[in-house]
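For the sequence shown, the UniProt record's numbering begins at 1 and goes up steadily by one.
Where is the CB? At the ideal position from N, CA and C, for every residue including glycine.
A quick note: this is a predicted structure, and the numbers were derived from the prediction, not measured.
Data block below; observations after.
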Amino acid sequence: MTRTPRSATKKKATYYENSDSEEITEFRPSPPPPKRQRKTPTKKQAAAQAPVEETVGETASGATEDAVQAPAGEVVEAVAAGAAEEPAKPLPKYLEAETKIAVEAVLTASRLCQSVFKALVSEETLTKSDKSPVTVADFGAQSLVNVLLNRHFPTDPIVGEEDSKDLHADTALRTRVLDLVNGVHDQEMSADEMCKYIDLGNYAGGSKGRFWTLDPIDGTKGFLRGEQYAVCLALVVDGKVELGVLGCPNLPVNLAEPEGERGCLFVATRGGGAFQRTFSSDILTKISVTDVKKASETVFCESVEAGHSSQSDAAQIASLLGITGESVRMDSQCKYGIVSRGSAGIYLRVPVSETYEEKIWDHAGGMLIVEEAGGVVTDIDGKHLDFSVGRTLKNNKGVVAAGKHIHAEVLSAVKAVLKREEPKL
Ligand code: AMP
Ligand code: MG
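Okay, here's the thing in structure tokens:
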């Protein structure tokens, strides 16, 4: 028997319309909730949530739904007002429940991707040139994450990379994805329900209210090669990224030991610092970007795909900076992960096309994690990445992420090589 979750009957929001996709008349979550009084943590809230230890336990544990929906400041006041009657409750950390669910969603989706890879790629039931394993995993991961987000935060819209139009056209593919999802998920779904969950990701984004942004498999080529890919989830509130989670199933815990333990998860909330854990342990370790003072003392990372970032321009930038080591070429937002923990000092994404607009799901989580680890992230003109203008970063070009002491030096080398004009102030 199949059940339609209660939250699946919610209606109408402004959605990105893919002209090729089927019309969905029901099943959309409510529009974003009305503007809240306070969207970013005050210093007091940030201090309350910021761990002081280098290593702490799980980010979130057992926050109530009430605590989730109220801004942290309001909860603080409510506790203070009721202090005479009720015993004091522990203060919820900023976005505590969102963090808990996002981590769970990313881990579940990452494990699903790993099992698809094992079954369909590594056991060579299909050749690596066959794209279908990544398609199956992509859709499966997006539907699992959307189910979890919709169950816990039914009014939050989602900007997801995938929509279900390819599944409507291919019944065999749809059945494979459905079997996969129903094999993992606690609540059996029909094909239609699964497609509707996938299409919850059709939100248009923008500058008002809160929404999630999801790339179920960032770095699809890395996934197919058995190399790096990432499940990327972030929460954007009034155009600012407030929470980011990256699941990197194949990322070595120590890059110098590629045959050692693999599987890293990165998580950050605004004002709360950045943390890493492995897939096998829920212990979070605080991470920081490199503190080198000169770019020549570090290495830079870039895309494996020359079609995503100009490797020749990056080589010239590195040479101008006096960087002699090889670049670290890696697919996906894992690059933000290794910069955030200091395994590389710089991430360069140099545009190869005048017209390409970076997608918000390719950068939201990674950017916040690097910033919370003490780094600086801008585009190649030194502008902050603007997540408030829809599904793409149309106000930005490329990415320069680096440790805070070297970002200005790297940016001036980028401008010199690319001959970018100084922005007019
Ligand atoms: P990476 O693994 O860092 O090379 O980035 C993978 C992402 O590159 C994919 O998720 C795509 O959204 C994105 N992408 C596709 N085409 C381009 C392009 N021409 N320039 C930059 N990024 C691109
Ligand atoms: Mg991507």
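| request: For my contact list, GLN276 and THR290 are in at a C-beta cut-off of 8 angstroms; report their separation, rounded to the angstrom. | output: Position 276 of the sequence shown, counted from the start, is the residue given in the question as residue 276. Position 290 of the sequence shown, counted from the start, is the residue given in the question as residue 290. About 15 angstroms; that fails the 8 angstroms criterion.
| request: Compute the distance between the beta-carbons of VAL136 and LEU180, then report whether it is under 9 angstroms. | output: Residue 136 sits at position 136 when you count from the first residue of the sequence shown. Residue 180 sits at position 180 when you count from the first residue of the sequence shown. Taking 9 angstroms as the Cβ cut-off, VAL136 and LEU180 qualify as a contacting pair.
| For the ligand MG, is there a heavy atom less than 8 angstroms away from the beta-carbon of GLU162? | Here residue 162 refers to the residue found at position 162 when the sequence shown is read from its first residue. The answer is no for GLU162.
| query | In angstroms, rounded to a whole number, what distance separates the CA positions of ASP313 and GLU326? | reply | Taking the sequence shown and counting its residues from 1, one reaches residue 313 at position 313. Taking the sequence shown and counting its residues from 1, one reaches residue 326 at position 326. So the two alpha carbons sit approximately 14 angstroms from each other.
| request: Confirm, please, whether the CB-CB distance from PHE387 to residue 429 is below 9 angstroms. | output: Any answer about residue 429 is impossible in this case: the structure gives the chain only from 1 up to 425.
| message | Any heavy atom of the ligand AMP closer than 8 angstroms to the beta-carbon of ASP199? | response | To locate residue 199, count along the sequence shown from 1; it is residue 199. Not under cutoff, so the answer is no.
| request: State the DSSP-derived secondary structure class of ILE369, mapped to helix, strand or coil. | output: Residue mapping note: residue 369 aligns to position 369 of the sequence shown, counting from 1. Reduced to three states, the DSSP call for ILE369 is helix.
| Which of helix, strand or coil does DSSP assign to ARG262? | As a working mapping, residue 262 is identified with position 262 in the sequence shown. Correct three-state label for ARG262: strand.
| field | Coarse secondary structure for ASP179, derived from DSSP in three states | value | Taking the sequence shown and counting its residues from 1, one reaches residue 179 at position 179. Residue state, collapsed to three classes: helix.
| query | Short check: CB of SER309 to CB of VAL352, under 9 angstroms? | reply | Along the sequence shown, one-based indexing puts residue 309 at 309. Along the sequence shown, one-based indexing puts residue 352 at 352. The answer is yes: Cβ separation under 9 angstroms.
| Contact belief for residue 435 with LEU224 at Cβ below 8 angstroms, rounded distance in angstroms | The displayed coordinates of the chain run from 1 to 425. Any statement about residue 435 would go beyond what the structure contains.
| query | Within 10 angstroms of its Cβ, does ASP218 collect 16 or more other Cβ (buried), or is it exposed? | reply | As a first step, residue 218 must be located in the sequence shown, where it is residue number 218. That one is buried.
| task | Report, in whole angstroms, the separation of the C-beta atoms of GLN114 and ALA230, which I expect to be a contact under 8 angstroms. | result | Along the sequence shown, one-based indexing puts residue 114 at 114. Along the sequence shown, one-based indexing puts residue 230 at 230. So it is not a contact: roughly 12 angstroms between Cβ atoms.
| Using the C-alpha atoms, what's the distance from LEU385 back to VAL395? | Along the sequence shown, read from residue 1 onward, the residue named residue 395 stands at position 395. Along the sequence shown, read from residue 1 onward, the residue named residue 385 stands at position 385. The question names Val, yet the displayed sequence has Asn at residue 395. Answer to the nearest angstrom: the Cα atoms are 8 angstroms apart.
| Per DSSP, ALA401 forms a beta bridge with which residues? | One-based indexing of the sequence shown puts residue 401 at position 401. The partner list for ALA401 (beta bridge, DSSP) reads TYR347 and VAL377.
| said: I need the straight-line Cα distance from ALA46 to ARG176, nearest angstrom please. | reply: In the sequence shown, the residue the question calls residue 46 occupies position 46. In the sequence shown, the residue the question calls residue 176 occupies position 176. Confidence in ALA46 is poor, its pLDDT being 43 and thus under 50, which makes the residue's placement too unreliable to answer from.
| Counting by C-beta, which residues lie closer than 5 angstroms to a heavy atom of the ligand MG, in chain order? | ASP215, ASP218 and ASP362
| said: Is VAL376 near the ligand AMP - that is, is its Cβ less than 8 angstroms away from at least one heavy atom of it? | reply: Walking along the sequence shown from the start, residue 376 turns up at place 376. Incorrect: VAL376 has no Cβ contact closer than 8 angstroms to the ligand AMP.
| query | What first and last residue would you give for the alpha helix (DSSP H) that runs through ARG151? | reply | Residue mapping note: residue 151 aligns to position 151 of the sequence shown, counting from 1. Taken as a continuous stretch (DSSP letters only), the alpha helix (DSSP H) holding ARG151 covers 132-152.
| message | Using 8 angstroms for Cβ pairs, my map puts ILE323 next to SER296. What's the rounded Cβ distance? | response | The sequence position of residue 323 within the sequence shown is 323, counting from 1. The sequence position of residue 296 within the sequence shown is 296, counting from 1. Contact flag correct, Cβ pair sits at about 6 angstroms.
| query | Rounded to whole angstroms, how far is the Cβ of ILE101 from the Cβ of HIS152, which I believe are closer than 8 angstroms? | reply | Start at 1 with the first residue of the sequence shown, and residue 101 comes out as number 101. Start at 1 with the first residue of the sequence shown, and residue 152 comes out as number 152. Rounded, the Cβ-Cβ distance is 5 angstroms, consistent with contact.
| said: What does DSSP give as the partner residue(s) for TYR336 in the beta ladder? | reply: Stepping through the sequence shown from its first residue, residue 336 is reached at position 336. Note: TYR336 sits in no beta bridge, so no partner.
| Buried or exposed: which applies to THR9, given that a residue is buried once 16 or more other Cβ atoms fall within 10 Å of its Cβ? | For the purposes of this step, residue 9 is identified with residue 9 of the sequence shown, where counting begins at 1. With a pLDDT of only 35 at THR9, under the threshold of 50, the placement of this residue in the model should not be trusted; the figure read from the coordinates follows. Classification for THR9: exposed.
| message | Is TYR356 a contact residue of the ligand AMP, with contact defined as CB to any heavy atom under 8 angstroms? | response | Within the sequence shown, residue 356 is the residue found at index 356, counting from 1. Because some heavy atom of the ligand AMP lies under 8 angstroms away, the Cβ of TYR356 counts as near it: yes.
| message | Rounded to the nearest angstrom, what separates MET194 and GLU98 at their Cα positions? | response | The residue you call residue 194 lines up with position 194 of the sequence shown. The residue you call residue 98 lines up with position 98 of the sequence shown. Whole-angstrom Cα-Cα distance: 22 angstroms.
| message | Would you say the beta carbon of PRO351 is closer than 8 angstroms to some non-hydrogen atom of the ligand AMP? | response | Taking the first residue of the sequence shown as 1, we reach residue 351 at position 351. Under cutoff, so the answer is yes.
| Beta carbon proximity, GLY260 to chain D, threshold 9 angstroms | You won't find chain D in this structure, because it holds only one protein chain.
| query | At a cut-off of 8 angstroms, is GLY307 close to the ligand AMP when judged by its beta-carbon and the heavy atoms of the ligand? | reply | As a working mapping, residue 307 is identified with position 307 in the sequence shown. It does: the Cβ of GLY307 is within 8 angstroms (strictly closer) of some heavy atom of the ligand AMP.
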